[in-house]
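A.B. asks: As you go down the protein sequences, you meet chains D and X in turn.
Taken in order, the first sequence gives residues 1 to 712; the numbers are from the numbering used here.
Taken in order, the second sequence gives residues 1001 to 1712; the numbers are from the numbering used here.
Shown below is the structure under consideration.
Number of protein chains: 2
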Amino acid sequence: MTGASDLPQRDFGALLQPRRFAVVGASDDMSSLRGRLIAVMDRHDFAAELIPISRSAAEVAGRKAYASVSEVPGDVDMAIIIVPAPHVPAVLDDCAAKGVKAAQIITSGFAEESSAGGRDLQAEIAAIAARSGMLIIGPNSEGFANLQSKLAPTFSPVVDLDGALDPPAGSRSGRVAVIGQSGGVGFSFLDQGRAKRLRFSHVVTTGNEAQVESFELVEWLVDQDEADVFILFLENVKTAAVFRRAAEKALRAGKPIIAVKVGKSAAGERAALSHTAALAGAHGSYRAMFRHYAIIEAETPEQAVDLAAGFAFMGDLLPANASTAIFTASGGAGGWMADNAAAAGLDVPVLDAATRRSVDAHLPAYGSSHNPVDATAQAIHHLGYAGLVELLRHAPGIGSVIAVASARLPGRIEEDRSALQAVRAATDKPVFFWSYTVPHPTAVEVLTSSGFPLFTNPLNCAAAARALYDYGCRRKAFQSAVPVPPVARPAALTDPGPLAEYQAHDWLRQHGLAIAEGSLARTADAAVAAAAKIDGAVALKGQARDLAHKSDVGLLALNVIGDVAVSRQFEKLMQTADAAAIQVDGVLVQAMAAPGVEVIVGVYRDPTFGPMVTVGPGGVLAELVDDTRTAPLPISPADAAALLAESRLADLLAGYRGQPAADRAALIQLIVDLGTLAVGHRDHLAEIDLNPVIVHADGAGVTVVDALIVVD
Amino acid sequence: MTGASDLPQRDFGALLQPRRFAVVGASDDMSSLRGRLIAVMDRHDFAAELIPISRSAAEVAGRKAYASVSEVPGDVDMAIIIVPAPHVPAVLDDCAAKGVKAAQIITSGFAEESSAGGRDLQAEIAAIAARSGMLIIGPNSEGFANLQSKLAPTFSPVVDLDGALDPPAGSRSGRVAVIGQSGGVGFSFLDQGRAKRLRFSHVVTTGNEAQVESFELVEWLVDQDEADVFILFLENVKTAAVFRRAAEKALRAGKPIIAVKVGKSAAGERAALSHTAALAGAHGSYRAMFRHYAIIEAETPEQAVDLAAGFAFMGDLLPANASTAIFTASGGAGGWMADNAAAAGLDVPVLDAATRRSVDAHLPAYGSSHNPVDATAQAIHHLGYAGLVELLRHAPGIGSVIAVASARLPGRIEEDRSALQAVRAATDKPVFFWSYTVPHPTAVEVLTSSGFPLFTNPLNCAAAARALYDYGCRRKAFQSAVPVPPVARPAALTDPGPLAEYQAHDWLRQHGLAIAEGSLARTADAAVAAAAKIDGAVALKGQARDLAHKSDVGLLALNVIGDVAVSRQFEKLMQTADAAAIQVDGVLVQAMAAPGVEVIVGVYRDPTFGPMVTVGPGGVLAELVDDTRTAPLPISPADAAALLAESRLADLLAGYRGQPAADRAALIQLIVDLGTLAVGHRDHLAEIDLNPVIVHADGAGVTVVDALIVVD
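This is the structure in structure tokens:
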């Protein structure tokens, strides 16, 4: 793990808020991206001084041009670089010589290429960044937009509109910052969120990330309090420590991060690799890290924007529980929302009697106050949406309110403007609106200016309510990891590759793990003696390194009872090994484990994030129940308990079909102990798999039946 | 089952295409829905004659009004009724006397109310419908819109716009009909689909469905060839036979149905019940029926519209397989689509060498032809989207093409208009466009006029491709059920309630099912004799009706070997029964089953759709693997095989971790036989559960270990 003190902490002020900046490769040719870049910027009234750099033109976009940055008189804070790839290193050197503090490289043709030339060029950029101390974003980026200063050095068509950088008038949205490795996608969030009257602070695209990583921007924007909510489009995380520090700061500051992570599928990973040269990494590790830092994953563009809207409009109003009250003028739409709420993990309980009475007082006979409350058009007409929110927000045990509206006509919502503002100011529970019809712009204006998000997708609306609840829970539960110092490599873990099982067992047993009783026997007599020390039947297992699947090669005998049988099975296993030309160290004579719930516990080392622990059902279930949970290490007992609680293992451990409840506490302790051990030995342990672990009845502990250790 | 000949087959022509029609309750008061109804209609140039009926006004909306329908001179084809609920029966009687052929009741206040009065009023409507033969839609509906004749008797604000009923100029969309039990939601599909340039033929809202059911409209529109694709918003199906006939006709005609079914969750079901008085029914049965008839389920409004768009634009171009080729100018967006494709169940394989060569010839070094094809902005600029579709549509083993576009600027797409039309005419594989930026209206116009759907949601885009593939498969595989005649109630199934296990075993064994060997013993000696006839260990099970969980009350002994043990266990079970005051018939002495895969097979009777079969993992798996599959009965061997193939049982039966493959064929035969038996006895069998069924190694058959029969 990189120590926090080794991490870069860059000042992005020079890049995002320059006084004077150069555009290197500036052009008046509007058919090229170089020409479009300045034209797009000039549509907006930014305060900085733009200096064109051109090798051919004396003037660009009505400004005097210079042949190089070093020829510009006076200071230059930053440079936007859009010259052909082979010229980029020379331009950067020139910038560094001039004392330019930051540069963003738009140009493509670096590590995203399949050629060695592209990779070499990118390495050159990284080297210049390292030796000059200059902050460098890109290459292969699409620039950025600072919406607060209306500065948008980018050719993105999304910004090429009148007023594209103006905040939505009156909208009470918090500030949303977008950071995207992909430029096209990064700006698309701005495009989509604008229609929902989200207020954006920045869009920054980072391309290949030769130097600056996405999470450095998160950290700076959190530190400067320049944004309230983040949307990230990630192909990978390059430096885990950068990620950890920024994610923790954002979480502590209560600034949620919505992340779209591409590369979950094989094809997605291929695309990420060829696109910005990022190895996407195993998604399970990302999911674990996101969970740990309460980062919310989004799947589609609209979902990312909708989740951001939930946070941006509701701010600190997080649901205290996962129960929601739904009201509607359309019974059909109300039922639909109820189904979507259930799909998103919300409960929609019948409301308490007092709330129902207060609602019923306003309903015609064909209404219903159950939940969803079918208020009917009549009650909505009478009370307004604000009036119904007011009635429902007091319901005990309810964490949020969802208003199902037809916002096709703005009338009733517009009349309610002040009532909506009043109920927004009064409520301590979040309120979400879904319109099942295409909303009228005035309805969107009134609701967002009153501080409510308006969704057009019922699933996203419910998912936002759920995400706000989860965020609150995880923020409360968050504990930063207590560092575990690395441990020197012990003699037992010298040779790389898998240990023989008995070696793994001995080593883990020495470190306090509940390994099944047993010992290695090299002769039939020794096997009989070993078995005699064990109560009941034994298992015999042929032992050799590199022998993961003993049953496949016939080196396993279960339920062996009695001296004769032990002796006979020993000889049989040795003969089988001989016949298969397997050099065995002997036979492990092991106690058969008492019954219980079979679980797999494993640790592995993610190439980016380091040691991780996985827990899942064992035995036949492992094949069928795709429910393995992963968390970063070290792990606290509370987090291990939460991990189990989220998994289907929870049901299994609680006792099914009259089985006794299993020893959850012992399993949690095993997970924590294994995790601490693995973190200490992170430099020389590639993998440990305990499969199966038998979790006995409550109070009876656990038994590790089989363990695999792979030494690095 | 209602015979097909008993089913209504109504003529909806009088309703949807009237020459003269009355609006009963017409008013000029624009603050009321009654006033708005005619005003909305009059915004559109419909050809029929509208006759206002008003008890107070002599003229409404510039037309002479009559006090009642019977006073209108000449024929009246249909009536739209919007008078207070208590007056509706009299109005209907008047309409019937006048010879009006059809009526749509807008008025609320019927069975959706919690009062008996509302239910009685609705029953009165149903009675009038039955005795008059008049076609009646509603009550509690929102009218309809026939977009082809521009007739829209509804107060829906969605239709209250200039040009709201005009087809999207030039769009090559097929005709989409919407049928919604909920009026507000029904019209919202029109609202949402218009923006995507879907061509709608009708929106009909059916409310409480006192007489006419949604699927009658489907059938009529299929028969008349008035629509190509359906979007249904269903709270329930009232008559299974109506559903079956319409769904089969639509499937045979190749007219896909997209269904949103509310009431999946408890709260959704509550909402449906209070809203249109529909008992939603178990969703598992609906899912089974939808699967059988290749009806596609949608979860959100946008998804329903997007799936409909896939079918409406692609028509008969169904993917031959689930593999897709993706191309993009934005590597990030391409990777994102690849992840969404995987999530939707599509494969994104690396393309064949020949296709890659043909693509590579056009790519710069930083492009990639793997799949997703990162064509880069440069190749898109050069080839256009049409050019890339042309290259990819020939790739062998690829069933569809997904173009990932930025349609923010229309330029490149607009230039390509004729090329897009040409490639649309030439392709025999469907092609879907996703824009990751908000699309420019011109881009939408060009693509839809060329016959391509343009999605803004990548998951819906991929889901559409997958749905088209599934639809083709299921249409090919569809077999209408061969009717099984009902069987007279046998003596064994006389008393209602659960049979004792041994009775269930005997009866099922008589009908050829592979029940584990065993017999009832009433004395210890008889038990010893019964055990002696069985090889190996036996199970002893106390037998009484109403004794579902024998192990819970200690009336079960497993793995009993030898006369002494059998005799002792017999006595012990009898004593336990005595102590618990359970009147047992004796003890079932049963062979322990050979090992194999544990499966549960059950049949139950859905209140709407009749007998259904469920198959799922048994034992511990049943608790954890939520993967039970349901199908209507009778079931063919091919369909039973498909059901298994779709479930995780497929992996389990194929042999996991070196276990032998299980006897799939025997399990399929068991499912078919049980199904046929259950359908024959449908009138007196409530439920049969075979749990567990042990599926032995291939060729060794199955053994039913425990069976429960509940007599009706």
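Glycine included, C-beta positions come from ideal geometry on N, C-alpha and C.
Considering D578 (chain D), what are the terminal residues of the alpha helix (DSSP H) in which it resides?
C.D. replies: Taken as a continuous stretch (DSSP letters only), the alpha helix (DSSP H) holding D578 (chain D) covers D563 to A579.
A.B. asks: Does the distance from the C-beta atom of S713 (chain D) to that of Y1436 (chain X) stay below 9 Å?
C.D. replies: Any question about residue 713 (chain D) goes unanswered here, given that chain D covers just 1 to 712.
A.B. asks: Just the Cα atoms here: how many angstroms apart are A377 (chain D) and D352 (chain D)?
C.D. replies: C-alpha separation (whole angstroms): 23 Å.
A.B. asks: Does the CB of S115 (chain D) have a neighbour CB from chain C at under 9 Å?
C.D. replies: In the structure shown, chain C does not exist; the protein chains are D and X.
A.B. asks: So, are the CB atoms of F1155 (chain X) and G1174 (chain X) less than 9 Å apart?
C.D. replies: Contact: no.
A.B. asks: When we look at the beta-carbon of N146 (chain D) and count the other beta-carbons within 10 Å, is it buried (16 or more) or exposed?
C.D. replies: Looking at its Cβ environment, which holds 16 or more other Cβ atoms inside 10 Å, N146 (chain D) is buried.
A.B. asks: Return the CA-CA distance between A422 (chain D) and D228 (chain D), expressed in angstroms with no decimal places.
C.D. replies: Those two C-alpha atoms are separated by around 23 Å.
A.B. asks: Mind checking which residues open and close the beta strand (DSSP E) that includes L690 (chain D)?
C.D. replies: Taken as a continuous stretch (DSSP letters only), the beta strand (DSSP E) holding L690 (chain D) covers L685 to V695.
A.B. asks: Under 8 Å Cβ-Cβ, which residues of chain D neighbour Q1181 (chain X)?
C.D. replies: What Q1181 (chain X) touches in chain D: G332.
A.B. asks: Given a cut-off of 9 Å on the beta-carbon distance, is the pair L1499 (chain X) and L1670 (chain X) in contact?
C.D. replies: It is not a contact, given that the beta carbons lie outside the stated cut-off.
A.B. asks: For A298 (chain D), which residues of its own chain have a beta-carbon under 6 Å away from its beta-carbon, when the five flanking residues on both sides are left out?
C.D. replies: So the list reads I258, V260, A304 and L307, once near-sequence residues are dropped.
A.B. asks: Out of X:A1195, X:V1401, X:A1065 and X:D1683, which one is the CA nearest neighbour of T1494 (chain X)?
C.D. replies: It is X:D1683 whose Cα lies nearest to the Cα of T1494 (chain X).
A.B. asks: Considering only their Cβ atoms, is the gap separating V1599 (chain X) from I1694 (chain X) smaller than 9 Å?
C.D. replies: Yes, these two residues count as a Cβ contact at 9 Å.
A.B. asks: Look at the Cβ atom of V1185 (chain X), then the Cβ atom of S1201 (chain X), and state whether they are nearer than 9 Å.
C.D. replies: No; because the gap between Cβ atoms is not below 9 Å, this pair is not in contact.
A.B. asks: How close, in whole Å, do the beta carbons of R424 (chain D) and S450 (chain D) come, if the pair is a contact with beta carbons under 8 Å?
C.D. replies: Correct: roughly 5 Å between the Cβ atoms.
A.B. asks: Express the C-alpha separation of N208 (chain D) and Q122 (chain D) in angstroms, rounding to a whole number.
C.D. replies: Near 9 Å, if we compare the C-alpha coordinates of N208 (chain D) and Q122 (chain D).
A.B. asks: Looking at A1282 (chain X): is its Cβ nearer than 9 Å to the Cβ of G335 (chain D)?
C.D. replies: Not closer than 9 Å, so no.
A.B. asks: Using a Cβ-Cβ cutoff of less than 7 Å, which residues in the same chain neighbour L677 (chain D) once the five nearest sequence positions on both sides are dropped?
C.D. replies: H511, listed in sequence order.
A.B. asks: Nearest to V482 (chain D) by CA position, among D:G675, D:P157, D:R474 and D:V83, is which residue?
C.D. replies: Measuring from the Cα of V482 (chain D), the nearest candidate turns out to be D:G675.
A.B. asks: For a test of the three-state rule: what should DSSP assign to L1394 (chain X), helix, strand or coil?
C.D. replies: The question names Leu, yet the displayed sequence has His at residue 1394 (chain X). The answer is coil: DSSP assigns H1394 (chain X) none of H, G, I, E or B.
A.B. asks: For E1226 (chain X) and V158 (chain D), what's the separation of their Cα atoms in angstroms?
C.D. replies: Cα to Cα, the separation comes out at about 41 Å.
A.B. asks: Our contact map puts L454 (chain D) next to A407 (chain D) with C-beta atoms below 8 Å; I'd like the distance itself, whole angstroms only.
C.D. replies: Sure, about 7 Å apart at Cβ, within 8 Å.
A.B. asks: Mind pulling the alpha helix (DSSP H) runs of 4 or more residues that sit fully within the region 1337-1394 of chain X?
C.D. replies: Whole alpha helix (DSSP H) segments, 4+ residues: 1353-1360 and 1376-1392.
A.B. asks: By a C-beta neighbour count over all protein chains shown, 10 Å radius and 16 as the cutoff for buried, is Q181 (chain D) buried or exposed?
C.D. replies: The residue in question, Q181 (chain D), is buried, as its Cβ has 16 or more Cβ neighbours within 10 Å.
A.B. asks: Give me the chain X residues within the contact set of S358 (chain D), using Cβ-Cβ distance strictly less than 8 Å, ordered along the chain.
C.D. replies: Those do not exist, as S358 (chain D) stays about 18 Å from chain X at its closest Cβ, beyond 8 Å.
A.B. asks: With distances taken from CA atoms, which of X:Q1104, X:N1140 and X:L1459 is nearest E1785 (chain X)?
C.D. replies: The displayed coordinates of chain X run from 1001 to 1712. Any statement about residue 1785 (chain X) would go beyond what the structure contains.
A.B. asks: Decide if Q1104 (chain X) is buried, meaning its Cβ has at least 16 other Cβ atoms within 10 Å, or exposed.
C.D. replies: With 16 or more Cβ atoms within 10 Å of its Cβ, Q1104 (chain X) is classed as buried.
A.B. asks: Does the region 1316-1329 of chain X come into contact with the region 1451-1470 of chain X, if we say contact requires no fewer than three beta-carbon pairs (one atom in each stretch) closer than 8 Å?
C.D. replies: Yes, the region 1316-1329 of chain X is in contact with the region 1451-1470 of chain X.
A.B. asks: So the beta strand (DSSP E) P52 (chain D) belongs to, where does it begin and stop?
C.D. replies: E49 to I53 is the extent of the beta strand (DSSP E) around P52 (chain D).
A.B. asks: Taking T628 (chain D) as part of the alpha helix (DSSP H), name the residues at either end of that continuous run.
C.D. replies: Run containing T628 (chain D): none; DSSP gives neither H nor E here.
A.B. asks: Answer with buried or exposed for A594 (chain D), where buried requires no fewer than 16 other C-beta atoms within 10 angstroms of its C-beta.
C.D. replies: Answer is exposed; the Cβ neighbour count stays below 16.
A.B. asks: Could you tell me if T2 (chain D) is buried or exposed, where buried requires 16 or more neighbouring beta carbons within 10 angstroms of its beta carbon?
C.D. replies: The pLDDT assigned to T2 (chain D) is 44, lower than 50, so where the model puts this residue is not dependable; a value taken from the coordinates is nonetheless given after this. Flag for T2 (chain D) reads exposed.
A.B. asks: Kindly indicate if chain D contains any beta-carbon less than 9 Å away from that of L1147 (chain X).
C.D. replies: No, L1147 (chain X) lies away from the interface with chain D (no Cβ there is under 9 Å from its Cβ).
A.B. asks: Checking 9 Å against the spacing of the C-beta atoms, do A79 (chain D) and V23 (chain D) come in under that value?
C.D. replies: In contact: A79 (chain D) and V23 (chain D) (Cβ atoms closer than 9 Å).
A.B. asks: Can A1577 (chain X) and G1518 (chain X) be called in contact, C-beta distance under 9 Å?
C.D. replies: Not closer than 9 Å, so no.
A.B. asks: Using the three-state DSSP reduction, which class does K1098 (chain X) fall into: helix, strand or coil?
C.D. replies: Three-state result, K1098 (chain X): helix.
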